Amino acid sequence: MKTPLPLMALALAGSFLIPMGGQAQQVPDWLLKLKLPNSGAKASMTPTAWGAAFGSAYLGTGAARRSPYLPSADGIVELGYGMGDPVLNVGIQIGTTVSDLSEFNNVSFSFKLHRYLARGTTIALGGESLFSNDAISDDAGDTFYLVVSHVVQTLGSSRPGIGRVHVSVGVGTGRFARKSDRDFSEGKGRNGTIVFGNLAVEVARDLNAILEWSGTNLLTGLSRTVQTGSMPIMISIGLADLTGYSGNGVRLVAAAAVAISL
Amino acid sequence: MGKTIKHFMIATGLILAFTGAGRGQEVNSDVNIPFPRELVSGAPAINGLFGGTTALFSSSLRLFQGSSAQAGAATLNEDQTREELGDFMTSLLVKAGIIAFDRPAPDVAASGRSSENGSRPAWVGRTPLMLPVRGPSP
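If you read the sequences in order, they're chains A and B.
Position 241 (the first sequence) corresponds to 798 in my numbering; numbering is contiguous.
Position 97 (the second sequence) corresponds to 98 in my numbering; numbering is contiguous.
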């Protein structure tokens with residue numbers, strides 16, 4: 558990009574007028590070494606504290622090859638929007654989920670208030686499956702959670718774009734604390750662990766290997782983000798219900814999403 | 002943009018076709034189906050926040066080092082700085098006290114239209130000031 562000569566001259570003049578502290582600006586070492594999260598998803602079914610902000614919107618779809626105890630597949634479409642500044646103030650993410658792709662009548666809402674703390678750490682308070690129609694809903698109902706996410710600063714590779722380790726730990730109500738009625742009738746107990754967590758290791762550039770505990774079961778997956786101009790595309794695939802703590806066997810889940818800055 | 006949307010539609014179609022979700026029947030069930038919601042909304046890149054943050058910042062170091070680079074930085078208004086470094090990193094630099102935004106003097110501020118005419122710079126937003134780095138990391 559060519560800078561017009563008058564603009565450069567004005568900028569140079571302006572640089573002498575701006576207080577500089579008497580010496581050339583240097584980027585501090587801690588900032589150069591700061592590890593922030595990469596662009597891939599950090600979890601499949603558990604929240605992280607990283608959220609949408611700064612006027613960005615996303616549209617995505619997710620699907621499960623099989624529902625627990627049922628042979629039928631299930632899918633969702635979610636449209637969301639992020640606003641605010643999580644670094645200087647608070648980021649706010651709101652979303653609408655359509656969880657009946659055939660009828661489009663099972664709609665719920667979600668939100669996440671998130672704030673960046675320091676050193677690759679962020680905290681969020683959120684809710685999901687809100688205002689869903691209990692008569693037709695197949696989810697766990699209103700769910701609220703508090704989660705802290707962190708990028709481990711002391712682990713990683715010298716190669717850029719590989720080796721970052723992302724962790725999140727949280728507590729929640731709803732689906733994190735209760736198993737389904739079917740789980741209960743199958744003798745798997747009533748309560749989840751309330752505590753959930755996820756671990757995402759950057760195994761290649763923009764590719765994360767994910768392991769997580771949802772409060773009721775163990776999941777694993779891969780998430781890859783493809784940068785296409787200013788509109789990233791994220792594709793993920795995973796295996797849910799790896800243990801017998803809930804459900805009736807391993808399920809395949811997948812998702813794709815795209816975002817745009819408005 | 003058209004290519005991106007095409008890629009997204011293909012990826013979505015493949016996933017839906019592969020899983021059979023398009024034929025999925027909704028059930029008022031007692032199974033508490035956990036959706037892969039976070040797969041849809043949980044990627045920071047999807048949120049538009051962190052796409053290439055580290056690499057982007059590294060390539061932008063010239064904006065923050067050396068006297069000529071300072072001048073270069075001073076040519077950017079807040080919007081341009083955020084576009085260059087990303088919203089998240091820009092806010093992080095502000096929080097760390099490395100840069101601050103201040104409005105240009107009235108005789109410097111000009112409209113974008115004036116800039117298009119080549120007569121005055123397009124300082125229509127707040128202008129970053131480079132501050133000395135002091136204190137601990139945020």
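We put the beta carbon where it would ideally sit given N, CA and C, even for glycine.
Just so you know, these numbers come straight off a predicted model, no measurement behind them.
Using a Cβ cut-off of 9 Å, pull out every chain A residue sitting near residue i, in sequence order please.
i	result
A97 of chain B	P585, W587, L588
D88 of chain B	A610, F611, G612, S613, D642, V644, S818
Excluding the 5 residues flanking residue i on each side, which residues of the same chain have their C-beta closer than 7 Å to its C-beta?
i	result
Q710 of chain A	K592, R676, G677
G806 of chain A	D798
A581 of chain A	Confidence in A581 of chain A is poor, its pLDDT being 37 and thus under 50, which makes the residue's placement too unreliable to answer from.
R1 of chain B	In the structure displayed, chain B extends from 2 to 139; residue 1 of chain B sits before or after that span and is not available.
N690 of chain A	N663
K745 of chain A	K736, Y802, S803
T800 of chain A	N774, L775
L636 of chain A	L616, G652, T653
G749 of chain A	F733, A734, R735, K736, G772, T773
Excluding the 5 residues flanking residue i on each side, which residues of the same chain have their C-beta closer than 6 Å to its C-beta?
i	result
G641 of chain A	A610, V647, G648, I649
V783 of chain A	I790
V704 of chain A	P604, A606, A681, S725, G727
S771 of chain A	M602, T603, F753
V634 of chain A	T618, V655
H723 of chain A	P594, K599, V708, A757
L50 of chain B	At L50 of chain B, the pLDDT of 44 sits below 50, so the modelled position is not reliable; the number obtained from the coordinates is stated separately. F89, listed in sequence order.
E769 of chain A	A600, T603, N755, L776
S667 of chain A	G652, E685
E743 of chain A	none
N48 of chain B	Residue placement at N48 of chain B is flagged as unreliable, the pLDDT there being 42, under the threshold of 50; a coordinate-derived value is accordingly withheld.
Flag this pair as yes or no: are the beta carbons of residue i and residue j separated by less than 9 Å?
i	j	result
T730 of chain A	F701 of chain A	yes
L809 of chain A	A598 of chain A	no
G617 of chain A	A811 of chain A	no
G608 of chain A	K669 of chain A	yes
F741 of chain A	R747 of chain A	yes
A600 of chain A	I767 of chain A	yes
Y802 of chain A	T773 of chain A	yes
G652 of chain A	Y638 of chain A	yes
F89 of chain B	P643 of chain A	yes
N765 of chain A	L775 of chain A	no
S706 of chain A	E685 of chain A	no
S818 of chain A	G612 of chain A	yes
V95 of chain B	L645 of chain A	yes
Leaving out five residues on either side along the sequence, give the residues of the same chain with a beta carbon under 8 Å from the beta carbon of residue i.
i	result
S624 of chain A	A630, D631, D695, R808
S596 of chain A	D763, T782, Q784, P789, M791
I751 of chain A	V728, G729, T730, F733, A734, G772
S60 of chain B	Per-residue confidence for S60 of chain B stands at a pLDDT of 44, beneath the threshold of 50, marking its modelled position as unreliable; no derived number is given.
P137 of chain B	Its pLDDT being 47, under 50, P137 of chain B is placed unreliably in this model, and the value from its coordinates should be taken loosely. Hits under 8 Å: none found.
Looking at the C-beta of residue i, does it have a partner C-beta in chain E at a distance below 9 Å?
i	result
I680 of chain A	Judged by its chain identifiers, the structure shown contains no chain E, and its protein chains are A and B.
Next on the checklist: Using 8 Å as the cut-off, can you tell me whether the segment 787 to 800 of chain A makes contact with the segment 726 to 746 of chain A, which would need three or more C-beta pairs spanning the two stretches below that distance?
Outcome noted: no
Next on the checklist: Three Cβ pairs or more, each shorter than 8 Å: is that satisfied between the segment 625 to 643 of chain A and the segment 751 to 762 of chain A?
Outcome noted: no
Item to check | Stretch-stretch touch, CB-based, cutoff 8 Å, three pairs: the segment 590 to 605 of chain A with the segment 667 to 686 of chain A | outcome: yes
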